[in-house]
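Okay, structure first, notes after.
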Amino acid sequence: MNATAIPPAISAWFEQNARDLPWRREGFSAWGTLVSEFMLQQTPVTRVIPRLTEWLERWPTPADLAAVPPGEAVRAWASLGYPRRALWLHAAAVQITERHGGIVPEDVDELLALTGIGDYTARAVAAFAYGHRHPVVDTNTRRVIARAVTGQGEPGPPSRRDLDAMAALLPDEPVAAAVFNAAIMELGAIVCTSRSPRCDVCPVREACAWRAAGYPEYAGPKKAVQKKFEGSDRQVRGLIMAELRATHHPVTAAEIEGLWADAVQRDRALAGLVADGLAVPVEPGLYALSQG
DNA sequence: GAAGCGTGGTG
DNA sequence: TCACCAAGCTT
Numbered sequence: 001m002n003a004t005a006i007p008p009a010i011s012a013w014f015e016q017n018a019r020d021l022p023w024r025r026e027g028f029s030a031w032g033t034l035v036s037e038f039m040l041q042q043t044p045v046t047r048v049i050p051r052l053t054e055w056l057e058r059w060p061t062p063a064d065l066a067a068v069p070p071g072e073a074v075r076a077w078a079s080l081g082y083p084r085r086a087l088w089l090h091a092a093a094v095q096i097t098e099r100h101g102g103i104v105p106e107d108v109d110e111l112l113a114l115t116g117i118g119d120y121t122a123r124a125v126a127a128f129a130y131g132h133r134h135p136v137v138d139t140n141t142r143r144v145i146a147r148a149v150t151g152q153g154e155p156g157p158p159s160r161r162d163l164d165a166m167a168a169l170l171p172d173e174p175v176a177a178a179v180f181n182a183a184i185m186e187l188g189a190i191v192c193t194s195r196s197p198r199c200d201v202c203p204v205r206e207a208c209a210w211r212a213a214g215y216p217e218y219a220g221p222k223k224a225v226q227k228k229f230e231g232s233d234r235q236v237r238g239l240i241m242a243e244l245r246a247t248h249h250p251v252t253a254a255e256i257e258g259l260w261a262d263a264v265q266r267d268r269a270l271a272g273l274v275a276d277g278l279a280v281p282v283e284p285g286l287y288a289l290s291q292g
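Structure, rendered in structure tokens:
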């Protein structure tokens, strides 16, 4: 097996091994695809599925979401994490309703112009919802290419050049391209994983440059270490947001004081949430999710 | 380009 | 146990 055999081998494996996921069901809407991609940004599949199902039952179209206050989106986001995504998804729904007649656009540049949509999500929607031929590059794709094609244990830092590397592997035919985009992500998600890759069941083991090189240790620039969550501003923000989501009335400054002892850090976290639009001071000393 | 942004599962 | 990891985006 040589390098040119990698894409068809991965796609063939995918046809047999793809997980049964909601966004792969026949007739799943473009809006559903967009919502799922927002939720999947840094949140695992198993945690996304229940929230996605509820979300689409409640807001089956962009206009349905655009019609409610942003704070409702933040509440429905629940504990998926990074709640700014809920705000951005709501903003995107408003923009889709106003600019695109309520139809999720299929043009990558129009998608990129929506709040909260970047290189990955724009191309994922164009490819998976509309069948257009674009390279879709996420962290799984970058890892598989780094190993199987480049022969390194880990991808380097994300770069626009990743799109070119993926484009070079992409089948010409749009449907085959969309399948391969999904297939290489899936391989990275369940076989060519970050921590303990299951090379014994990998469909491109015989062509893998990393394996051929004897699994050399990654020597490139190190990933920035994720800061400890315990005691971080993120933790304080999370506590305040959980309180705002839990109550259906404004939260008092006194209640927020009870969530975290360090006043300096607490005030910094709250000010950050206000700056982000996640918390709104409805009057001095009273905070709520965005109602407008 | 680097930093900041949640939450929960896992090896 | 705890560091690492998870379909990224914005500033």
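Just so it is clear: in the first sequence, position 171 is 171 by UniProt numbering, and no numbers are missing.
Virtual Cβ for every residue (Gly too), placed ideally from N, Cα, C.
This one's a predicted model, so the numbers in the text were calculated from it and none came from an experiment.
Rounded to the nearest whole angstrom, the C-alpha separation of Leu111 and Thr97 is 13 Å.
In the structure shown, the three-state DSSP call for Tyr120 is helix. Your pair Ala30 and Ala129 checks out as a contact, with CB atoms roughly 4 Å apart and the cut at 8 Å. DSSP places Val280 inside the beta strand (DSSP E), whose first and last residues are 280 to 283. The three-state reading of DSSP puts Thr43 in coil, since its state is none of H, G, I, E or B. Between the segment 204 to 213 and the segment 134 to 154 there are three or more inter-stretch CB-CB distances shorter than 8 Å, so the stretches are counted as touching. Cβ-Cβ distances below 7 Å link Ala3 to Val149, Ala207 in the same chain, with the five nearest sequence neighbours on each side left out; the list follows chain order. Between Pro69 and Gly292, the gap from beta carbon to beta carbon is short of 9 Å. Note that the C-beta distance between Leu169 and Trp13 is not below 9 Å. For Ala209, the uninterrupted alpha helix (DSSP H) run begins and ends at 209 to 212, by DSSP. Residue nearest to Gly116 within the set Thr139, Val94, Arg85 is Arg85 (criterion: CA-CA distance).
Taking one beta carbon from each stretch, the segment 56 to 64 and the segment 99 to 106 have 3 or more pairs nearer than 8 Å; the two touch.
With a cutoff of 9 Å on beta-carbon distance, Leu56 and Val74 are scored as not near each other. A residue is called buried once 16 or more other Cβ atoms fall within 10 Å of its Cβ, and Gly131, having fewer, is exposed. In the structure shown, Leu244 falls within a helical segment according to DSSP collapsed to helix, strand and coil. Here Ser11 has Val179, Phe180, Ala183 as same chain residues with Cβ atoms under 6 Å from its own Cβ, once five neighbours each way along the sequence are excluded. Taking one beta carbon from each stretch, the segment 222 to 241 and the segment 22 to 41 have fewer than 3 pairs nearer than 8 Å; the two do not touch. Beta bridge pairing from DSSP links Thr252 with Leu286. DSSP, reduced to helix, strand and coil, places Glu37 within a helical segment of the structure shown. Closest in alpha carbon position to Ala67, among Phe28, Thr43, Arg142, Ala93, is Ala93.
Of the candidates Val35, Gly32, Ser79, Asn140, Ser79 places its Cα closest to the Cα of Ala242. Under the three-state reduction of DSSP, Gly238 is assigned to helix. Taken atom to atom, the span from the alpha-carbon of Met185 to that of Ala113 is near 24 Å.
Look at the segment 73 to 100 and you find no whole run of beta strand (DSSP E) that is 3 residues long or longer. Here the segment 235 to 251 lies against the segment 273 to 287, with 3 or more beta-carbon pairs under 8 Å apart. Where Gln16 is concerned, the enclosing alpha helix (DSSP H) starts and stops at 6 to 17.
If the five residues before and after Arg142 are omitted, its C-beta is found closer than 6 Å to the C-beta atoms of Pro155, Asp162, all from its own chain and listed in chain order. In this model, Arg160 and Thr247 are separated by some 43 Å (Cα to Cα).
One thing to note: Val204 has its Cβ no nearer than 9 Å to the Cβ of Arg198.
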